[in-house]
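Position in the sequence shown (from 1) plus 51 gives the number in this note's numbering.
Built from N, CA and C at the ideal position, the CB exists for glycine as well.
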Amino acid sequence: MTSKSGELLRSLTHSLTTAFFPDTCKICELPLGGWSSAPVCAACWDGVRPHAAENACTCCGLAFARAEAIGPEGLCPACELAPPAYDRALSLGRYEGELRSLIHLLKYEGMDALGSELGRRLAALGPRLPEADVVTTTPLHWRRRWQRGFNQSALVAREAARIWKLPFEPGLLRRVKSTAPQAGRTRAERLVNVRGAFQVKNKSAASGRRILLVDDVMTTGATLDACARVLKRAGARSVVAVTLARAVPDRLEVG
Numbered sequence: 052m053t054s055k056s057g058e059l060l061r062s063l064t065h066s067l068t069t070a071f072f073p074d075t076c077k078i079c080e081l082p083l084g085g086w087s088s089a090p091v092c093a094a095c096w097d098g099v100r101p102h103a104a105e106n107a108c109t110c111c112g113l114a115f116a117r118a119e120a121i122g123p124e125g126l127c128p129a130c131e132l133a134p135p136a137y138d139r140a141l142s143l144g145r146y147e148g149e150l151r152s153l154i155h156l157l158k159y160e161g162m163d164a165l166g167s168e169l170g171r172r173l174a175a176l177g178p179r180l181p182e183a184d185v186v187t188t189t190p191l192h193w194r195r196r197w198q199r200g201f202n203q204s205a206l207v208a209r210e211a212a213r214i215w216k217l218p219f220e221p222g223l224l225r226r227v228k229s230t231a232p233q234a235g236r237t238r239a240e241r242l243v244n245v246r247g248a249f250q251v252k253n254k255s256a257a258s259g260r261r262i263l264l265v266d267d268v269m270t271t272g273a274t275l276d277a278c279a280r281v282l283k284r285a286g287a288r289s290v291v292a293v294t295l296a297r298a299v300p301d302r303l304e305v306g
């Protein structure tokens with residue numbers, strides 16, 4: 052074997068090894084000190100902590116730069132004008148930094164091993180959550196789930212439910228309509244996009260129950276609102292939305 056062929060083989064071997072068995076953090080690229088199925092260093096994980104937003108709406112959780120933006124009842128203008136179907140929404144943190152990177156790795160790069168650890172992080176919201184009977188998640192359409200191989204929100208919700216000592220029932224909801232991605236759409240467009248997209252599989256399974264509805268990212272809340280609406284119609288006593296991250300709509304002045 053020539054020296055050039057040897058170098059090419061070593062380069063190819065290294066590329067394949069690092070692709071399937073990464074030994075550096077996928078966020079900061081610092082050495083991990085060994086192979087990991089969830090290749091993120093401790094320092095980057097430490098950047099994911101519960102964030103208590105100031106001047107936040109008591110319903111949707113959106114934080115504003117000024118306290119005056121919140122009404123006397125603790126609601127933002129949007130929730131005062133059109134109250135969502137969910138009773139409350141809480142997020143672990145803002146959709147930025149390490150948390151955003153971790154969600155992208157899970158959702159778009161297929162690193163499903165991150166789901167359990169993100170679920171453990173989400174479980175830290177437990178003391179801020181009301182009493183509940185069951186945990187469920189926003190469902191993917193079967194085509195999307197087949198393409199991705201898993202429902203990222205379900206991976207997170209399953210671990211969080213275990214820590215909260217609550218039953219996890221991912222089958223409460225089903226997505227009956229394949230919708231276009233919500234990214235880049237206005238709230239009004241998002242609401243139209245998910246209209247009629249969800250159904251409750253078994254109404255008796257939702258009736259009278261206090262439900263924690265888990266998703267990965269909340270932006271305008273349109274998807275969570277649509278899910279909560281059909282759960283309430285099926286008789287759910289309450290629906291609280293719990294997400295890893297809250298994305299801030301660009302058009303709003305937020306803190």
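Here W96 is buried, its C-beta having at least 16 other C-beta atoms within 10 Å.
Around the beta-carbon of A89, 16 or more other beta-carbon atoms lie within 10 Å, marking it buried. Secondary structure at D266: strand, using DSSP grouped into helix, strand and coil. Residue ranges of uninterrupted beta strand (DSSP E) with 3 or more members, entirely inside the segment 116 to 167 and ordered along the chain, are 139 to 145. In this structure, DSSP gives A292 an extended state, which the three-state scheme calls strand. Around the beta-carbon of K252, fewer than 16 other beta-carbon atoms lie within 10 Å, marking it exposed. S204 is a Cβ neighbour of D267, given a cutoff of 7 Å. The segment 123 to 131 makes no contact with the segment 159 to 173: fewer than 3 CB pairs, one atom from each, lie closer than 8 Å.
In this structure F249 is not in contact with R213, their Cβ atoms being roughly 25 Å apart against a cut-off of 8 Å.
With a contact defined as Cβ atoms closer than 8 Å, R297 and G112 qualify at about 6 Å. Nearest C-alpha to S255 among R145, D276 and K283: K283. Counting other Cβ atoms within 10 Å of its Cβ, L150 reaches 16 or more and is therefore classed as buried. DSSP places A183 outside both helix and strand once states are collapsed to three, so it counts as coil.
For F249, the pairing in a beta bridge is given by DSSP as R226. Scanning V265, S152, T270 and D163 for the CA closest to the CA of V99 turns up S152.
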